[in-house]
Amino acid sequence: MATNPTAELKGTVAATGTETSEDAARHVDHGLRAWTVVAGAWCCLFCGFGWVNAIGIFQDYYQAHQLRTYSASSISWILSLEPFILFAAGLVIGRVFDNYGPKWLLLIGTFLHVFGLMMTSISHEYYQFILAQGICSPLGASFVFYPALSCTATWFDKRRALAFGIVSSGSSLGGVVFPTMLARLLPRIGFGWSLRISGFMVLAMLIIANLTVRSRIAPVPRPVKLTDYVGPFSEIPFILLMLASCCGFFAMFVPINYVIVEAQEDGVNRDLAGYLLTILNAASLPGRILPGYLGDKLGRFNVMIAMCALSAVVLLVLWLPGTLLSPGSAAIYIVFSLLYGFASGAFVGMVPALLSQISPDVTKTGVRQGVLFTCISIASLTGSPIAGAILSRQNGTYWGLQVFAGAMMVGSVFFFVAARVVLAGGSIGKKV
Numbered sequence: 039m040a041t042n043p044t045a046e047l048k049g050t051v052a053a054t055g056t057e058t059s060e061d062a063a064r065h066v067d068h069g070l071r072a073w074t075v076v077a078g079a080w081c082c083l084f085c086g087f088g089w090v091n092a093i094g095i096f097q098d099y100y101q102a103h104q105l106r107t108y109s110a111s112s113i114s115w116i117l118s119l120e121p122f123i124l125f126a127a128g129l130v131i132g133r134v135f136d137n138y139g140p141k142w143l144l145l146i147g148t149f150l151h152v153f154g155l156m157m158t159s160i161s162h163e164y165y166q167f168i169l170a171q172g173i174c175s176p177l178g179a180s181f182v183f184y185p186a187l188s189c190t191a192t193w194f195d196k197r198r199a200l201a202f203g204i205v206s207s208g209s210s211l212g213g214v215v216f217p218t219m220l221a222r223l224l225p226r227i228g229f230g231w232s233l234r235i236s237g238f239m240v241l242a243m244l245i246i247a248n249l250t251v252r253s254r255i256a257p258v259p260r261p262v263k264l265t266d267y268v269g270p271f272s273e274i275p276f277i278l279l280m281l282a283s284c285c286g287f288f289a290m291f292v293p294i295n296y297v298i299v300e301a302q303e304d305g306v307n308r309d310l311a312g313y314l315l316t317i318l319n320a321a322s323l324p325g326r327i328l329p330g331y332l333g334d335k336l337g338r339f340n341v342m343i344a345m346c347a348l349s350a351v352v353l354l355v356l357w358l359p360g361t362l363l364s365p366g367s368a369a370i371y372i373v374f375s376l377l378y379g380f381a382s383g384a385f386v387g388m389v390p391a392l393l394s395q396i397s398p399d400v401t402k403t404g405v406r407q408g409v410l411f412t413c414i415s416i417a418s419l420t421g422s423p424i425a426g427a428i429l430s431r432q433n434g435t436y437w438g439l440q441v442f443a444g445a446m447m448v449g450s451v452f453f454f455v456a457a458r459v460v461l462a463g464g465s466i467g468k469k470v
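Just so you know, we're using my numbering here: the sequence shown kicks off at 39 and counts up by one.
Next comes the structure, spelled out in structure tokens:
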């Protein structure tokens, strides 16, 4: 039976089945079922984006072991493929979600992610790592990443940024658990079983996700139309959000992939350097949740601009001069990892919330997220290899790589500010 749209969502989402508009409104932002979906989505990001946040440990390991004959830039292509595939597959997955819902996407994603990790555990050649770790595993992660975000969006409105912040904190904790676990397991039981244990952990978490992640909105099958993919580019706020996000993700993975290697080359204790990525990801945990909470209170674009500006300051005022003036200082690396982890943590949780804010029709959430994150995937793919090429050109000195990351983050601030101006005009105090 057709019903009225849910006013709480400010969009065109119709309550489905026998659910009245009052029932739909009552379910938004409240109830055990909504928060159960958040818990399942948290598991998805723990296994998906959390694994991607841990890839920095492999840059150092591969340079010293299986792929020691390859350059840092060549190895970084394997690792850059992970966020690229994770994001780029959304162009298709988003449409499938809108048409058919999350069930089969979650099942297929669970298989592919675990299978990719198991195949990585028996890989020896460069092309094998490309296929298993660079393509298969992140493709599976993408199949669970997008349903997690899209389902969460259907259950929340006024608390949407907080919900996304909690969900994205799973990626932070995954980025703490996986590198810490691998740092201890790799020297003790070897590469193969370290990856297999990781695969079994991913499997357990994704079983929980398969049982709990559901959309509040029934899927609305639609024919594939080009306008669904190009339509968002006619919206100025979407274009500016896309440019801001791309600049931010150009910079985001550079420290994640290179801070361990740089610290070790600067003479920082090897064991301590190995935990820098864990420190960074641990600091990003409050950086995921707190901006979401504040964003719902003060304005999501307002908070995102502040967090992005802090990231730029940390990159250009702490990381760049700190490592130039005090090479080998463990304190510099620890403080940088803490501050950058906190500041950059907002990107994963806030960008989907910002997109939902400028998207009136929740039934098209999947395809719009897919379009946005496909654009972001290009930045994620090329950011670290560009940084690696700069590093090679400068004969192993890191200041050029640091300037590149900082400049991209400054660009991100500019475009977020521009988006806010378009949405709010010149009103500085307005909640946007």
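In this text, a Cβ means the ideal position worked out from N, Cα and C, and glycines have one as well.
For residue i, I'd like the list of residues in its chain whose CB is within less than 6 Å of its CB, leaving aside the five on either flank, ordered along the chain.
i	result
residue 447	289, 349, 350, 353
residue 91	209, 213, 319
residue 304	365, 366
residue 170	154, 157, 158, 161
residue 459	none
residue 382	290, 349
residue 415	122, 125, 126
So is residue i buried or exposed if we call it buried at 16+ other beta carbons inside 10 Å?
i	result
residue 227	exposed
residue 454	buried
residue 395	buried
residue 86	buried
residue 245	exposed
residue 274	exposed
residue 380	buried
residue 431	exposed
residue 163	exposed
residue 116	buried
Would you mind reading off the limits of the alpha helix (DSSP H) that contains residue i?
i	result
residue 399	Taken as a continuous stretch (DSSP letters only), residue 399 belongs to no alpha helix (DSSP H), as it is neither H nor E.
residue 181	175–193
residue 270	From DSSP, residue 270 is part of no alpha helix (DSSP H); its letter is neither H nor E.
residue 319	314–336
residue 74	70–85
residue 435	Where residue 435 is concerned, there is no enclosing alpha helix (DSSP H), given that its DSSP letter is neither H nor E.
residue 210	198–250
residue 166	164–167
Rounded C-beta distance between residue i and residue j? I'm assuming under 8 Å.
i	j	result
residue 193	residue 389	Contact flag wrong, Cβ pair sits at about 18 Å.
residue 325	residue 391	About 14 Å separates the two Cβ atoms, so there is no contact after all.
residue 78	residue 247	5 Å
residue 358	residue 440	4 Å
residue 174	residue 150	6 Å
residue 276	residue 470	Residue 276 to residue 470, Cβ: 15 Å. No contact.
residue 140	residue 252	7 Å
residue 287	residue 417	4 Å
residue 127	residue 200	With 8 Å as the limit, residue 127 and residue 200 do not qualify as a contact, their Cβ atoms being about 27 Å apart.
Cutting at 7 Å between CB atoms, please list the residues of its own chain near residue i, excluding the five before and the five after it.
i	result
residue 250	74, 75, 77, 78
residue 22	It is not possible to answer for residue 22, since the shown part of the chain is limited to 39 through 470.
residue 216	88, 89, 92, 236
residue 282	450, 453, 454, 457
residue 404	132, 133, 135, 136, 184, 188
Kindly say whether residue i, judged by its beta-carbon, lies nearer than 8 Å to any beta-carbon of chain B.
i	result
residue 210	Among the protein chains of the structure shown there is no chain B, as only one such chain exists.
CB-CB under 8 Å to residue i, same chain, minus the five flanking residues each way: which ones, in chain order?
i	result
residue 377	321, 348, 352, 356
My parser needs the alpha helix (DSSP H) runs of 4 or more residues fully inside the region 90–152; what are they?
If we require 4 residues or more, the alpha helix (DSSP H) runs fully inside the region 90–152 come out as 94–102, 110–126, 128–138.
Run through the region 342–393 for me and flag every whole alpha helix (DSSP H) of 4 or more residues, listed as ranges in chain order.
As far as the region 342–393 is concerned, its whole alpha helix (DSSP H) runs of at least 4 residues are 358–363, 368–382.
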